[in-house]
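Visitor: Quick one: the structure is below, and I'll ask about it shortly.
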Amino acid sequence: MDGFLISQADKRPMYLQIMEQIKQRIAVGDWAEGQQIPSIRQLSVDLQVSVITVKRAYLELEREGVIVTRHGKGSQVAEGVDLGIQLREAELDQHLEQAAKLGAMLGMTSRDLEKRLRSVVEKSVEKELP
Amino acid sequence: MNDFAVQFQGVSKRYKYFTLDNIDLQLPVGQVMGLIGQNGAGKSTTIRILMGLVHQDEGQVQVLGRHMPEEQIAAKWDIGFTSEDLRLYDAMTLEWHMGFIRSIYSTWDAEYAKLLLKRFGLVAEQKMKGLSHGQRVKAALLLVLARRPRLLVLDEPTTGLDPVARHEILRELTGAMADEECSILFSSHNTQDVEQISDQIAFLDRGRLIDSSDKETYLDRWRRLRLEVPAGIGLPALRGVIAVKQEGRIAIATANAFEADLPNAYERTGARVQRVENMTLEEIFVANVEHSREDVNV
Amino acid sequence: MNAQTSVVRQMVWKDIQMHRKLMASLMIFGAAGLGLFLVKREPYTVLGGIALFTALILTSAFVPGSNILNERKRQTLPFLMSLPISAIQYTTAKLLSTVGMFLIPWTTLVIAAIWMIAVEGVLPHGAIPMALMLLTLPFVNVCGITAMNLVGETEGWNGAAQVIFNSVPGVIWYLITLSPALTRDLGSSQAVWNPTVLTFLGSEFAVIVLILALTYYLQSRKRDFV
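Chains as they are written, first to last, in our numbering: chain A, 1 to 130; chain B, 1 to 298; chain C, 1 to 226.
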């Protein structure tokens, strides 16, 4: 399982890291919709991580509708339109939530926040132009 | 036969200067249990009692469905044991040891043994006295792993090892878990290893079991909250918080029974929650020991 | 039980393998002593006898310590006890291998002595019972020393055992010389097995049995074996 890495430097719980990395694989298309994914035990062996952690990650992913586990058939990536995009959008929302929180801490109104977002987008577009 | 690989009920053992007091433990088949505690907390005693090498003064011990120490012979056919203070025969080679074990156990997997030699970087023809500490630990582990026992009982399997050796060992231990019937009980004061591969955690301190839980739930119960406390506000004792350290306006609260509402509870008192952090098992270890010693008024 | 006897057997074999160099030197020593003995002329006979007897003493002084105490000193005992055996079976294995290793020089000496008397006629046949009585003493000794090592587990106990069991033969020897029933027929041309002789031999055997019984009893009562 090259490409999977549980980092100790990452302070988040292991199961979250696993979830994120599975979602990433789906988002970039390495794991296609409906594709069989490693069993809990197999992934636990490959990642050298406890079964209970992988199990938790899979349960959460199933709850989020990202994967589906069928008794006796293992787990597969869920079928869903543009799952990759959905995941990216969920990721975006997370970042935006954080930005909103920080903005609130700084005492910004939502208009201030919008203005700031716009200027950031413009600056990053400038950077990408040749 | 039995759903549990290991069961301790009310186990006690009294020594002159140390008492193991009323230990209850359960390890379901197919899972990994990490025993953590300081040196002298009782980990080795617990493991010795598990192996039938030491007889408990009180309580029941069942390993793979067998009562210990009475049925230790039957149990030991299915158990692989190694310990930090265990040595192999200096004057003999690793190959000789492999032959010795093979002559006793019919479950010896010669192919796997050969693979382990390669993975662990060991030379079978070498005498044990020529091996470094790390190599000896790996050799003892090889003898146990190649038998594919139903239960691995390991007393400090990674203590004193360099990161590469530790990684090699953890790889084989988690590899062994590919077999659903295989269970592992190991003790360590290396919390990283326990955090990484354990399904269950048991926490010993001074002969008492101060915590026993599945790992994910356990890690989830602990949080560190960084607070900013305005002048004139005293932080109340909140449920689930076991320690608060404050200097000036900055406070750090350690919670061992975290609930989603806790940050709000602090905010309602006027303090500001700057950050809520998960804690590593090492941080939990220290906080837990400090807390439990306070409790007993030591 | 087949698997069990096999584990004990493997452990006895292991002990012998670990002492293979010692075993080899004992056999050479024994063969040399026997060879000297068979020259049938003084001083070679005496030298041969001394060589064989020395091998005997050295074995009972050295083997119990190296075979038993070392398991604890070198910390290999947890390894052995993690095998599918009980403390009792461990005791059996150690008794068998320790006394077994002693048997090599001992049997050689007994055969040599009896041969010299019965076949070669170096001494009158009346000496045979006495020879047996005296030769059985080192056997009792090694059982006692082994037992004390197993139960006591320390160098201190080994030392005490060596002192006790190596001084006892001297006392017994003296007592024997005082007994007319035992010394009366030394010179006769036939071996005389009178009741006193038989009682003496029987007692030696009984002591061995007692030592073993006590050993097993005490070992079974240990609650912290490792």
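Yeah, the Cβ is synthetic: ideal placement off N, Cα and C, and Gly gets one too. Just so you know, these numbers come straight off a predicted model, no measurement behind them.
1) Hey, quick one: how far does the beta strand (DSSP E) through residue 184 of chain B stretch, first residue to last?
2) Against chain A, does residue 280 of chain B count as a neighbour if the rule is that its beta carbon must be under 9 Å from one of theirs?
3) With a threshold of 9 Å between beta carbons, is residue 227 of chain B in contact with chain C?
4) Starting from residue 83 of chain C, find everything on chain B with Cβ-Cβ shorter than 8 Å and list it in chain order.
5) According to DSSP, is residue 65 of chain A helix, strand or coil?
6) If you run the structure through DSSP and keep just helix, strand and coil, what is residue 98 of chain A?
7) Under the assumption that residue 173 of chain C contacts residue 138 of chain C (Cβ atoms under 8 Å), give the Cβ distance between them as a whole number of angstroms.
8) Closer than 9 Å, CB to CB, is residue 197 of chain B near chain A or not?
9) Indicate whether at least one CB of chain C lies closer than 9 Å to the CB of residue 83 of chain B.
10) Note down the Cα distance separating residue 316 of chain B from residue 88 of chain C, rounded to an integer number of angstroms.
11) In the DSSP output, which residue or residues are listed as bridge partners for residue 61 of chain B?
12) Following the continuous beta strand (DSSP E) through residue 245 of chain B, name the residue where it begins and the one where it ends.
13) Residue 33 of chain B lies in the alpha helix (DSSP H); which residues open and close that run?
14) When the Cα atoms are used, what is the spatial distance from residue 79 of chain C to residue 14 of chain C?
15) At the 9 Å Cβ level, is residue 151 of chain C part of the contact set with chain B, yes or no?
16) Does residue 23 of chain C come within less than 9 Å of chain B when only Cβ atoms are used?
17) What residues in its chain sit with their C-beta under 8 Å from that of residue 181 of chain B, if we drop five residues either side in the sequence?
18) Quick one: complete alpha helix (DSSP H) runs, 4+ long, within the region 11 to 84 of chain A?
19) State the DSSP-derived secondary structure class of residue 78 of chain B, mapped to helix, strand or coil.
20) According to DSSP, simplified to helix, strand and coil, what is residue 95 of chain B?
21) Give me whichever residues DSSP pairs with residue 28 of chain B in a beta bridge.
22) Quick check on residue 44 of chain B: buried or exposed, where buried means 16 or more other Cβ atoms within 10 Å of its Cβ?
23) Counting only beta-carbon atoms, is residue 214 of chain C nearer than 9 Å to chain B?
24) Can you give me, in chain order, the residues of the region 98 to 110 of chain C that have a beta carbon less than 9 Å from any beta carbon in chain B?
25) By DSSP, does residue 8 of chain C sit in helix, in strand, or in coil?
26) So, using beta-carbon positions, are residue 37 of chain B and residue 24 of chain B closer together than 9 Å?
27) Just to make sure I have the definition right: I need the residues of chain A whose C-beta is within less than 8 Å of the C-beta of residue 171 of chain B. Which are they?
28) At the 9 Å Cβ level, is residue 180 of chain B part of the contact set with chain A, yes or no?
29) Show which residues of chain C have a CB atom less than 9 Å away from the CB atom of residue 91 of chain B.
30) Just list the beta strand (DSSP E) runs in the region 194 to 260 of chain B, keeping only unbroken ones of 3 residues or longer that don't cross its boundaries, in chain order.
31) I'd like to confirm the pairing. Which residues does DSSP put opposite residue 83 of chain B in its beta bridges?
32) Distance, Cα to Cα, residue 280 of chain B vs residue 219 of chain B?
33) So with CB distances below 9 Å, who are the chain B contacts of residue 62 of chain C?
34) Which runs of the alpha helix (DSSP H) spanning at least 4 residues fall entirely within the region 112 to 188 of chain C, listed in chain order?
35) Quick check on the DSSP output: the beta strand (DSSP E) that includes residue 274 of chain B runs from which residue to which?
36) Report the three-state DSSP secondary structure of residue 133 of chain B (helix, strand or coil).
Guide: Answer, in terms of the structure:
1) Taking the second sequence and counting its residues from 1, the one referred to as residue 184 of chain B is at position 184. It spans 183 to 188 - the beta strand (DSSP E) in which residue 184 of chain B sits, taken as one unbroken run.
2) On the second sequence, position 280 is the one that residue 280 of chain B refers to. Interface residue, yes.
3) Here residue 227 of chain B refers to the residue found at position 227 when the second sequence is read from its first residue. By this cut-off, residue 227 of chain B is not an interface position.
4) The count along the third sequence starts at 1 and reaches residue 83 of chain C at position 83. Result: 76, 104.
5) Looking up residue 65 of chain A in the first sequence gives position 65. In the structure shown, residue 65 of chain A sits in coil (DSSP, three-state: anything other than H, G, I, E or B).
6) Walking along the first sequence from the start, residue 98 of chain A turns up at place 98. Helix at residue 98 of chain A.
7) On the third sequence, position 173 is the one that residue 173 of chain C refers to. On the third sequence, position 138 is the one that residue 138 of chain C refers to. Residue 173 of chain C to residue 138 of chain C, Cβ: 12 Å. No contact.
8) Looking up residue 197 of chain B in the second sequence gives position 197. Yes - at least one Cβ of chain A is within 9 Å of the one on residue 197 of chain B.
9) The residue given as residue 83 of chain B occupies position 83 in the second sequence. So yes, residue 83 of chain B belongs to the interface.
10) No information on residue 316 of chain B is available, as it lies outside the stretch 1 to 298 that chain B covers here.
11) As a position in the second sequence, residue 61 of chain B is number 61, starting the count at 1. DSSP lists B:8 as partners of residue 61 of chain B.
12) Walking along the second sequence from the start, residue 245 of chain B turns up at place 245. Counting along the chain, the unbroken beta strand (DSSP E) around residue 245 of chain B starts and ends at 241 to 247.
13) For the purposes of this step, residue 33 of chain B is identified with residue 33 of the second sequence, where counting begins at 1. Not the alpha helix (DSSP H): residue 33 of chain B falls in the beta strand (DSSP E), residues 32 to 36.
14) Reading the third sequence from its first residue, position 79 is the one you call residue 79 of chain C. Reading the third sequence from its first residue, position 14 is the one you call residue 14 of chain C. Looking at the two C-alpha atoms, the distance is approximately 13 Å.
15) The residue given as residue 151 of chain C occupies position 151 in the third sequence. No, residue 151 of chain C does not count as interfacial toward chain B.
16) If you number the third sequence from 1, residue 23 of chain C lands on position 23. No, residue 23 of chain C does not count as interfacial toward chain B.
17) By 1-based counting over the second sequence, the position of residue 181 of chain B is 181. Around residue 181 of chain B: 29, 30, 150.
18) 14 to 28, 40 to 47, 51 to 63
19) Within the second sequence, numbered from 1, the residue matching residue 78 of chain B stands at position 78. Coil, per DSSP.
20) Here residue 95 of chain B corresponds to residue number 95 of the second sequence, with the count starting at 1. Three-state result, residue 95 of chain B: helix.
21) Mapped onto the second sequence, residue 28 of chain B falls at position 28. Beta-bridge pairing links residue 28 of chain B to B:4.
22) Numbered from 1 along the second sequence, position 44 holds the residue referred to as residue 44 of chain B. Buried, since its Cβ has 16 or more Cβ neighbours within 10 Å.
23) Taking the third sequence and counting its residues from 1, one reaches residue 214 of chain C at position 214. So no, residue 214 of chain C is outside the interface.
24) none
25) Translated into positions along the third sequence, residue 8 of chain C becomes position 8. In this structure, residue 8 of chain C counts as helix in the three-state DSSP scheme.
26) The residue you call residue 37 of chain B lines up with position 37 of the second sequence. The residue you call residue 24 of chain B lines up with position 24 of the second sequence. Cβ distance not < 9 Å, so residue 37 of chain B and residue 24 of chain B don't count as in contact.
27) Within the second sequence, the letter at position 171 stands for residue 171 of chain B. Result: 48.
28) Looking up residue 180 of chain B in the second sequence gives position 180. Yes, because at least one Cβ of chain A sits closer than 9 Å to the Cβ of residue 180 of chain B.
29) Numbered from 1 along the second sequence, position 91 holds the residue referred to as residue 91 of chain B. In chain order: 18.
30) With a minimum length of 3 residues, the continuous beta strand (DSSP E) runs that stay inside the region 194 to 260 of chain B are 200 to 205, 208 to 214, 223 to 228, 241 to 247, 250 to 255.
31) Position 83 of the second sequence holds residue 83 of chain B. DSSP lists B:155 as partners of residue 83 of chain B.
32) Along the second sequence, one-based indexing puts residue 280 of chain B at 280. Along the second sequence, one-based indexing puts residue 219 of chain B at 219. If I take the Cα positions, the gap works out to 8 Å.
33) Locating residue 62 of chain C in the third sequence gives position 62, where the first residue counts as 1. What residue 62 of chain C touches in chain B: nothing, since even the nearest Cβ is about 16 Å away.
34) 127 to 152, 155 to 178, 180 to 183, all fully within the region 112 to 188 of chain C.
35) Here residue 274 of chain B refers to the residue found at position 274 when the second sequence is read from its first residue. If you look at residue 274 of chain B, you'll find it in the beta strand (DSSP E) that goes 272 to 278.
36) As a working note, residue 133 of chain B is residue 133 in the second sequence. When DSSP states are grouped into helix, strand and coil, residue 133 of chain B belongs to the helix group.
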